[in-house]
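Participant: Below is the structure I would like to discuss, written out as structure tokens.
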Amino acid sequence: FSPVGKMFRAVVRLSTSGVRSLARIRPCYSAPLASRCYSHAKVETDEEFDARWVTYFSKPDIDAWELKKGMNTLIGYDLVPEAKILDSALRACRRLNDLASAIRILEAVKDKSGPHKDIYPYLIQELQPTLIELGISTPEDLGMDKL
Amino acid sequence: MLFSFRMLATRALSLVGKRAISTSICLRGGHGVAKVDDYALPAYFDRRENPLPDVQFVTELSAVQKSLKEKEKGSWATLSNEEKIALYRISFKQSFAEMNEGTKEWKSVIAGMFFFIGMTGLVVLWQRKFVYGPVPPTFESEWKEKEVQRMLDMRINPVEGFSAKWDYENKEWKK
């Protein structure tokens, strides 16, 4: 398989030319026998992900469709959104005059936590200032978490 | 635009044939409008993975609901709990707790299982009585005793198996 052969030769050249060129070679070529064909695309960090979503929901003239699309996509990911993303989403609900969606978002986040029962209380604790400011009741306050 | 829409439509007409166009092409002047089927419209459904459905659950609001929606535009802190629940129920059919509720179907399943196993048992008993012939004589206890004695005489598996467990001096099974 020719790329492996080329990489091996690259390493051979590296060892003969001395240590100073080591810094120029990217880490993935240093172990040719163990190298994998992973993508070299940049991986988004958690902070970038959070920031992107906060910005999405912070759009001043966000419309109902965008809120729904954003929320459904976010719930589709294999993670529980951070408090700041939810804060931004709840404020978007306020701009859209949609209390029902705000309560639904809280329910969805609790459901998304699955067996990790400590995530939801933590998020509610973090969001408490926003909930009070906007006047959003949690599903528990309304008794909607029971049947 | 070089071509008007009508010209394009007439070109399409000549290709497709006059009869086929009535249900599919929207002509100018509103002569023919495509029929929109129910299933093609955005639908409401309660799913865990789709928390905010495309449409509200209640599409036609009563007067009370309409005034509530107006009140929603103001501060939410002024809404009572009942009003908040009412607003929720306008937009959504079931809460997460309700949609995730299990059914009692498993009881029917287990009951059905036991029933059919029982029925099968009855069939087997009937078969034993009325279908199968007598069991061979080799199953009788007298025969079996003679069989075991023969096996011991032949020293079947004398090292670790059958005859190894027989005490030949005392003529009994080893303790």
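As you go down the protein sequences, you meet chains A and B in turn. If you count by this note's numbering, then the first sequence holds residues 1 to 147, one letter each, in order. If you count by this note's numbering, then the second sequence holds residues 1001 to 1175, one letter each, in order. Just so it is clear, CB atoms sit at the ideal spot from N, CA and C, and this is done for glycine as well. Predicted model only: the values in this text are computed from it and were never measured.
(1) Quick check on Leu1061(B) - is its C-beta less than 7 Å from some C-beta in chain A?
(2) Note down, one range per segment and in chain order, each alpha helix (DSSP H) of at least 4 residues found wholly within the region 91 to 124 of chain A.
(3) Using alpha carbons as the reference points, say which of Arg1128(B), Glu1049(B) and Val1148(B) lies closest to Tyr77(A).
(4) Using a Cβ-Cβ cut-off of 7 Å, state whether Ala1086(B) counts as contacting chain A.
(5) Using a Cβ-Cβ cut-off of 8 Å (strictly less than) and excluding sequence neighbours within five positions of Ile124(A), which residues of its own chain qualify?
(6) Check for me: the alpha helix (DSSP H) holding Gly1076(B) runs from which residue to which?
(7) Would Ala1077(B) pass as an interface residue toward chain A - the criterion being a Cβ-Cβ separation below 7 Å?
(8) Tell me the DSSP secondary structure of Asp1167(B) in three-state form.
(9) Going by DSSP in three states, Asn72(A) sits in which element: helix, strand or coil?
(10) Throw me the rounded Cβ distance for the Ala83(A) and Glu126(A) pair, which I believe falls under 8 Å.
(11) Strictly under 7 Å for the Cβ-Cβ distance: is Glu1070(B) near chain A by that measure?
(12) Closer than 9 Å, Cβ to Cβ, to anything on chain A: give me those residues from the region 1158 to 1170 of chain B, in chain order.
(13) Can you check whether the C-beta of Ser1080(B) is within less than 7 Å of a C-beta belonging to chain A?
(14) If you run the structure through DSSP and keep just helix, strand and coil, what is Glu47(A)?
(15) Determine the chain B residues that contact Leu162(A) at a beta-carbon separation under 9 Å, and present them in chain order.
(16) Identify whether Arg1048(B) lies in helix, strand or coil by the three-state DSSP scheme.
(17) Check whether the region 58 to 72 of chain A and the region 85 to 103 of chain A touch, using three or more Cβ-Cβ pairs below 8 Å as the test.
(18) Does the beta carbon of Glu48(A) come closer than 7 Å to any beta carbon on chain B?
(19) Can you pull out the residues from the region 94 to 108 of chain A whose beta carbon lies closer than 9 Å to at least one beta carbon of chain B?
(20) Assuming Phe57(A) contacts Ser101(A) (C-beta within less than 8 Å), just tell me the rounded distance between them.
(21) Using the rule of at least 16 other Cβ atoms within 10 Å of the residue's Cβ for burial, across every protein chain shown, is Arg104(A) buried or exposed?
(22) For the candidate residues Asn97(A), Arg52(A) and Thr45(A), whose alpha-carbon lies nearest to that of Asp61(A)?
(23) Counting only C-beta atoms, is Ser88(A) closer than 7 Å to chain B at any point?
(24) Please list the terminal residues of the continuous alpha helix (DSSP H) segment that includes Met1154(B).
(25) Please check the pair Leu142(A) and Asn1081(B), which I expect to be a contact at CB under 8 Å, by giving their CB distance rounded to whole angstroms.
(26) State whether the region 1037 to 1052 of chain B contacts the region 1074 to 1090 of chain B, with contact taken as three or more CB pairs (one from each stretch) at a distance under 8 Å.
(27) Is it right to say Lys1174(B) is buried, meaning 16 or more other beta carbons lie within 10 angstroms of its own, or is it exposed?
(28) Taking only beta-carbon atoms, is Pro1136(B) less than 7 Å away from chain A?
Facilitator: To lay it out plainly:
(1) So, not an interface residue.
(2) 99 to 113
(3) Glu1049(B)
(4) no
(5) By the criterion of a C-beta distance shorter than 8 Å, Ile124(A) is surrounded in its chain by Leu106, Leu131 and Thr138, once the five residues flanking it on both sides are discounted.
(6) For the sequence presented, residue 1076(B) should be read as Trp rather than Gly. Where Trp1076(B) is concerned, there is no enclosing alpha helix (DSSP H), given that its DSSP letter is neither H nor E.
(7) It does: the Cβ of Ala1077(B) has a partner Cβ on chain A nearer than 7 Å.
(8) strand
(9) helix
(10) 4 Å
(11) no
(12) none
(13) Judged by the 7 Å Cβ criterion, Ser1080(B) is not in contact with chain A.
(14) helix
(15) Missing from the structure shown is residue 162(A); chain A here goes from 1 to 147 and no further.
(16) coil
(17) yes
(18) no
(19) Arg94, Asn97, Asp98, Leu99, Ala100, Ser101, Ala102, Ile103, Arg104, Ile105, Glu107 and Ala108
(20) The pair is not a contact, with the Cβ atoms about 12 Å apart (cut-off 8 Å).
(21) Burial call: buried.
(22) For Asp61(A), the nearest C-alpha among the options comes from Asn97(A).
(23) With 7 Å as the cut-off, Ser88(A) does not count as an interface residue toward chain B.
(24) Per DSSP, Met1154(B) belongs to no alpha helix (DSSP H) and is neither H nor E.
(25) Their Cβ separation, rounded to whole angstroms, is 6 Å, which keeps Leu142(A) and Asn1081(B) in contact under 8 Å.
(26) Under the Cβ criterion (8 Å, minimum of three pairs), the region 1037 to 1052 of chain B does not count as touching the region 1074 to 1090 of chain B.
(27) exposed
(28) no
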